[in-house]
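Take a look at the structure set out below.
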Amino acid sequence: MNDLRRIDLNLLVILDALLGEQHVTRAAERLHLSQPAVSHALARLRDLLGDPLLVRAGSGLVPTARALELVTPLAEALAQVQSLLAPNTFDPASARRTFRLAMSDYGAAIILPGLIRTLRAEAPGIDLQISHASREGMVEGLLNGDIDLAAGVLPELPGELHSTPLFEERYVCLLDRQSLPAEGVLDLPTYLSRPHVLLEMRGSGTPEIERTLTALRERRRVAVSLPHWSVAPQFISGTDLILTVASRALNDIDEEALIVVPSPFEIAPFTFVSAWHKRRGGDQALNWLNRRIGEGIVRG
């Protein structure tokens, strides 16, 4: 009981910021506190927990083993306290909140335009922090509390995470119009004979395409590999390259120069989901945001 009486909830908030930033000045800026106040809080935390928690390395700080053990339970505890103190109802018009979302540039292009318009109209006090992460990075961020919501292709999630489908997507092929075969159909031999553009970020590539080709005992030659799709269509114009990509990624192509055709072999469609940690299930604001994301995609 004596130890509990010594605990100030603000200390846990400061510890969370310090572990996230690993820098006293940046943590102070994030919390809108002075640097001396954060340094004093760190000294109290060290005394309270009997561990240095963060040790100097160069111009920053490195967490100790004990501090690393605290990251996940600390994030869970703060989320539970926030949920406990939150009102039973959520009023978007008066809410003041910042949400941390993770998604690829493909997901951002589909989700953010409609979502941001909705927020400006219905919840102008809600701010967004968007980060770009691989599939593994999204899962890790949800588990350790670094992000509130992830949107992506997440077929296998640990039991601590929940998800809801946003839409089902299919693959198509993008070609320069002049490179389309005379008969107007892209067949498998032509597909395999051409060079390809591969969209691949660690943990977020297109394994569905490669798995399907492997099952067919075929391979394609990748001439260009890059980690984001937004510039990929520009590579196709005036070349013999083929881009096999999710169909929604091609909504705004130059239709005079480029053409979208079906894949010459069947590639399984995939489901794009939003995911969050189960500890956030009672967060009415996050639930509202998740619903608005889904509704915006349906309207779009």
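Letter 232 of the sequence shown, counting from 1, is numbered 355 in our numbering, and no numbers are missing.
Glycine included, each C-beta is placed from N, C-alpha and C at the ideal position.
- The DSSP-derived three-state label of G282 is coil.
- Three or more beta-carbon pairs separated by less than 8 Å are not found between the segment 259-270 and the segment 355-366, which leaves the two stretches without contact.
- Minimum Cα-Cα distance from M226 among the listed residues G248, A232, H255, L176 corresponds to H255.
- Runs of the beta strand (DSSP E) lying entirely within the segment 251-332, each at least 3 residues long, are 272-275, 284-292, 294-299, 318-322 in chain order.
- Counting C-beta atoms within 10 angstroms of its own C-beta, N374 has fewer than 16 neighbours from the protein chains shown and is therefore classed as exposed.
- Under the rule that a run must span 4 or more residues, the alpha helix (DSSP H) segments found entirely inside the segment 147-203 read 147-154, 158-172.
- Only buried fits P356, as 16 or more other CB atoms lie within 10 angstroms of its CB.
- Burial check for S217: the Cβ neighbour count within 10 Å stays below 16, so the residue is exposed.
- Three or more pairs of CB atoms, one per stretch, sit closer than 8 Å, so the segment 387-400 contacts the segment 270-288.
- Within its own chain, the residues whose Cβ lies closer than 8 Å to the Cβ of L184, once the five positions on either side in sequence are excluded, are L141, Q145, H146, V147, L177, V178, listed in chain order.
- Per DSSP, the unbroken beta strand (DSSP E) holding R223 starts and ends at 220-226.
- For P356, the enclosing alpha helix (DSSP H) begins and ends at 355-359.
- A residue is called buried when at least 16 other Cβ atoms come within 10 angstroms of its Cβ; V276 meets this threshold and is buried.
- The beta carbons of L298 and I382 sit closer together than 8 Å.
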